[in-house]
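**Student:** Residue numbers (the working numbering): 4 to 154. Yeah, the Cβ is synthetic: ideal placement off N, Cα and C, and Gly gets one too. Note that the coordinates shown come from a computational prediction; the quantities given were computed from them, not determined experimentally.
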């Protein structure tokens, strides 16, 4: 009986550690998105894992499947025609003008959507009503900006 109690407490401690790590994962993802947004202001980057590619271009992010395997590529497309008018805040687009499939999502919009999960552990997920209204207002303004820019 005692032996079973010790195993149970060890499992509980491991679950508590996993919970603690997962609790702060959205904050790490948010920090990574901010760093990615800053790095892609002057060009674009691609991270490749097998045939899946995560591309970051001028404040936007997408993921797509490719035909061939590449390891890592960093480039600068500032001279391309379709980036001349791209806002530095990213773009919301359903297809790439260069022909690849996939949707482009602005990094600031994704960061805003992750924000409640990222700050929640620090304030014990105690959001007041005005927090929800402020969050919805920010999301609405960002969506209006990105959808207006696409017209």
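Rounding to the nearest angstrom, what Cα-Cα distance links residue 94 and residue 42 in this structure?
**Tutor:** Roughly 16 Å separates the two Cα atoms.
**Student:** Could you check the C-alpha separation between residue 135 and residue 70 for me, to the nearest Å?
**Tutor:** If you take the alpha carbons of residue 135 and residue 70, they lie about 43 Å apart.
**Student:** Locate the alpha helix (DSSP H) running through residue 34, then write down its first and last residues.
**Tutor:** Residue 34 -> alpha helix (DSSP H) spans 28-42.
**Student:** Once you ignore the five residues that flank residue 64 on each side, which residues in its own chain have a CB closer than 6 Å to its CB?
**Tutor:** Cβ neighbours of residue 64 beyond the five flanking positions: 108 and 110.
**Student:** Is residue 47 buried or exposed, if buried means 16 or more other CB atoms sit within 10 Å of its CB?
**Tutor:** Counting Cβ neighbours within 10 Å, residue 47 comes out buried, since at least 16 surround it.
**Student:** Strictly by DSSP, which residues pair up with residue 144?
**Tutor:** Per DSSP, none; premise fails for residue 144.
**Student:** To the nearest angstrom, how far is the alpha carbon of residue 124 from that of residue 115?
**Tutor:** Taking the straight line from one Cα to the other gives about 16 Å.
**Student:** Within 10 angstroms of the Cβ of residue 17, are there 16 or more other Cβ atoms? Answer buried if so, exposed if not.
**Tutor:** It is exposed - the Cβ of residue 17 has fewer than 16 other Cβ atoms within 10 Å.
**Student:** Give the range of the alpha helix (DSSP H) segment to which residue 122 is assigned.
**Tutor:** Counting along the chain, the alpha helix (DSSP H) containing residue 122 begins and ends at 110-122.
**Student:** Identify, in the order they occur along the chain, each residue of the same chain with its Cβ nearer than 7 Å to the Cβ of residue 27, setting aside the five sequence neighbours on each side.
**Tutor:** 124.
**Student:** Measure the C-alpha to C-alpha separation of residue 39 and residue 61 and round it to an integer number of angstroms.
**Tutor:** Cα to Cα, residue 39 sits roughly 10 Å from residue 61.
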